[in-house]
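Protein chains in written order, with our numbering: chain A, 39 to 297; chain B, 45 to 429. C-beta atoms are modelled at their ideal positions from N, C-alpha and C, and glycine is treated no differently.
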Ligand SMILES: Cc1cc2nc3c(=O)[nH]c(=O)nc-3n(C[C@H](O)[C@H](O)[C@H](O)COP(=O)(O)OP(=O)(O)OC[C@H]3O[C@@H](n4cnc5c(N)ncnc54)[C@H](O)[C@@H]3O)c2cc1C
Ligand SMILES: Cc1cc2nc3c(=O)[nH]c(=O)nc-3n(C[C@H](O)[C@H](O)[C@H](O)COP(=O)(O)OP(=O)(O)OC[C@H]3O[C@@H](n4cnc5c(N)ncnc54)[C@H](O)[C@@H]3O)c2cc1C
């Protein structure tokens, strides 16, 4: 089975993240780039599927040249090879054009199963899996907390507010995963050493037959008009326990959809 | 925590991945439990060894036989992150990789390598290193453990070793003994009749580490048990040089953990209406701790570069062990004072590190012996005896 995992480099959530004042895009040089956390779960799931069913795991990353760190990390976890889509023309692409660029690349490199994290910690749109599936004309199985492969059928448990739905489709398909799905492995030292020798193919937009006028900031469908720093955190609410503390705590958690 | 010098920016991507992998392991598998191990005086080696093995930590700087083949700086960074957990954990790894696997890898026969290295790299077999004796510590040349070869070629080992890390839990001991042709190393399966290894109790330092005596009572070994590749004290000394390199990095991790605890405590503990970190006396302590820590980190990085270039000399390793262990111990003691009464409990990592570092000060060449190495390097006058 040919599994492609889309892996994104994002600014480290532990550091201060900024938007650029000139074009209002994310300042990717201001913070250390790290692998998007949910992408690690996606890589882990791909490796598990490969371990159970055989095949090959390819990492697909669209991002600036410094995203190679992130690609190496995914390779060190155990992916077999990587494709790095990197082109200045892609800078400022919104979700629609990103999904177009990735879909074009996926058509070129081929796949049976595409796995993504359900969202990235920077943009947090959470729409890429759906857009990709639409563009590729494949089923979309999103927010999976469990994935099973049986021949050419893929079944997931899709997380919902009330529990989960069981969703089944046939391959090829696009799956997005949530944290509950697994515990991503740390790369072993041997994996880290082996990653140095794994092939990373670099593609520009022409290589992937991506039309220049459909990507980048100029052709984005959405525009950041204005931005402001988040207000400082408001003081917490203190609830006095007058014998009903438990009920109040439960009410609060339910209102936030934690329970 | 900000290390002020951004030293880790000097690391390569791979070295940072090694750091993050070990740091993740330590924070999940070690930090939540190590205070209890220390209090109870135990080290769950059989549980941790396979996990360390699959991470690739055991014999990480060796090539082949299931070892990862990391560069020296990666090896150092891994030791630093292990010892940020506990010096006992780093000691386990140093002994396994640098003191037990290294001599087999470097001086062993092909059969010895095949038999032991893959199992030791995986953490399925545990090793120990027997050099120190009850009456010979800093001056091992006079050791009294002997190995006699009979006409059939077999060896008989007699004597005792003391202060041997991993001794009671080891599957294999690399033992150094006097022979007619000088000091030789022996690969001794601990199941051999006549071998025993009782644990040493009542230690107040490295409590989360197993330390033992080894007794050899007519231990019969085949001719193939001797390490063929080395004769003389340079055998064990070369192993110690490998392990000391790990120590001079490792203690930077212990010191960092202490400084982190002190900064965290100083910014949250309020006395006289302010965080104690707002008092100049406390800031002076923290500032000097950070300076020492940065200097120790720089020393480690520099020596790592020399080792990767293949030019690192034993006297430079002595420099690093002397300077960095002293710095770490000073930092630990200062950090302990910042924590007030909480600093004497195992609720915080500081006194554990502080006590551990007393062993690190002594083993692998005491501070005094490394001072004499530098003294000789400067004057040309050996002052050991
Ligand atoms: C927890 C722990 C684990 C250990 N693990 C191992 C192990 O796995 N394998 C192993 O072989 N050994 C191990 N050791 C032993 C360690 O290497 C020795 O303790 C060390 O070499 C010092 O020897 P000693 O304790 O006999 O002290 P001594 O050599 O008796 O020294 C006592 C004091 O005298 C000083 N001194 C000695 N000679 C001189 C001199 N010429 N001039 C000035 N001062 C001098 C020393 O510096 C020291 O301060 C371990 C020790 C400890 C504490
Ligand atoms: C084993 C033990 C037994 C004890 N027994 C008793 C007992 O029987 N009865 C009893 O009442 N107490 C007892 N104590 C408590 C002891 O007196 C306190 O620990 C001590 O007064 C310090 O207080 P603290 O631990 O709260 O530290 P803190 O006061 O929080 O101080 C923490 C650190 O901040 C420093 N600091 C505080 N204020 C300033 C400042 N203005 N400028 C610069 N630095 C500052 C301190 O010097 C220290 O380094 C005991 C403590 C221990 C460890």
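Per-residue contacts from residue 164 of chain B into chain A (C-beta, under 7 Å): The contacting residues do not exist; residue 164 of chain B stays about 15 Å from chain A at best.
Return the CA-CA distance between residue 130 of chain A and residue 164 of chain A, expressed in angstroms with no decimal places. 17 Å
Simplified DSSP state of residue 228 of chain B, which is helix, strand or coil: strand
Does the distance from the CB of residue 210 of chain B to the CB of residue 273 of chain B come in under 9 Å? no
What residues in its chain sit with their C-beta under 8 Å from that of residue 99 of chain B, if we drop five residues either side in the sequence? 65, 66, 69
9 Å Cβ cutoff, residue 224 of chain A in contact with chain B: yes
Beta-carbon spacing of residue 216 of chain A, residue 182 of chain A below 9 Å: yes
Would you be able to state if there are at least three C-beta pairs under 8 Å between the stretch 67-80 of chain A and the stretch 174-190 of chain A? no
From the DSSP output, read off the bridge partner residues of residue 178 of chain A. A:212
Length of the line joining the Cα atoms of residue 74 of chain B and residue 177 of chain B: 31 Å
Looking at C-beta atoms only, is the number of pairs between the stretch 351-362 of chain B and the stretch 260-275 of chain B that lie closer than 8 Å three or more? no
Under 8 Å from the C-beta of residue 113 of chain B: neighbouring residues of chain A: 231
Determine, for residue 65 of chain B, whether the minimum Cβ-Cβ distance to residues of chain A falls below 9 Å. yes
At a Cβ cut of 7 Å, what residues of the stretch 134-147 of chain B count as close to chain A, listed as they run along the chain? none
Within 9 Å (strictly less), CB to CB, does residue 421 of chain B reach chain A? no
What does residue 107 of chain A reach in chain B if we use C-beta pairs closer than 7 Å? 57
Since residue 99 of chain B meets chain A, which of its residues come closer than 8 Å, beta carbon to beta carbon? 224, 226, 227
If we call anything under 9 Å between Cβ atoms a contact, is residue 55 of chain A one with residue 160 of chain A? yes
Please report the residue range of the alpha helix (DSSP H) in which residue 152 of chain B lies. Neither: residue 152 of chain B is in no alpha helix (DSSP H) and is coded neither H nor E.
Does the stretch 112-122 of chain B come into contact with the stretch 225-242 of chain B, if we say contact requires no fewer than three beta-carbon pairs (one atom in each stretch) closer than 8 Å? no
If we define contact as Cβ-Cβ less than 9 Å, is residue 68 of chain B a contact residue for chain A? yes
Looking at the C-beta of residue 121 of chain B, does it have a partner C-beta in chain A at a distance below 9 Å? no
Could you name the residues that DSSP lists as bridge partners for residue 386 of chain B? Residue 386 of chain B is not bridged to any residue.
How should residue 263 of chain A be labelled, buried or exposed, when 16 other C-beta atoms within 10 angstroms of its C-beta is the threshold for buried? exposed
Pull up the distance between the alpha-carbon of residue 293 of chain A and that of residue 286 of chain A, whole angstroms please. 10 Å
Among all residues, which have a Cβ less than 7 Å from at least one non-hydrogen atom of ligand 2, and in what chain order do they fall? B:313, B:315, B:316, B:320, B:323, B:325, B:326, B:381, B:382, B:383, B:384, B:385, B:386, B:388
Determine the chain A residues that contact residue 104 of chain B at a beta-carbon separation under 8 Å, and present them in chain order. 227
Distance cut-off 8 Å: residue 160 of chain B Cβ against heavy atoms of ligand 1: no
Proximity test, Cβ basis, 9 Å: residue 62 of chain B and chain A: yes
Look up residue 39 of chain A in the DSSP assignment and say whether it is helix, strand or coil. coil
Just by C-beta distance, which residues in the stretch 41-58 of chain A are closer than 9 Å to chain B? none
Whole runs of the beta strand (DSSP E) within the stretch 119-183 of chain A, excluding any shorter than 3 residues: 119-123, 151-155
Checking contacts by CB at 9 Å: is residue 111 of chain A closer than that to chain C? In summary, chain C is missing from the structure at hand, where the protein chains are A and B.
Where does residue 412 of chain B land, buried or exposed, given buried means 16+ other C-beta within 10 angstroms? exposed
One question on the structure: do residue 212 of chain A and residue 246 of chain A come within less than 9 Å of each other, judged by their Cβ atoms? no
Give me, in chain order, the residues of the same chain whose beta-carbon lies closer than 6 Å to that of residue 242 of chain A; leave out the 5 immediate sequence neighbours on both sides. 125
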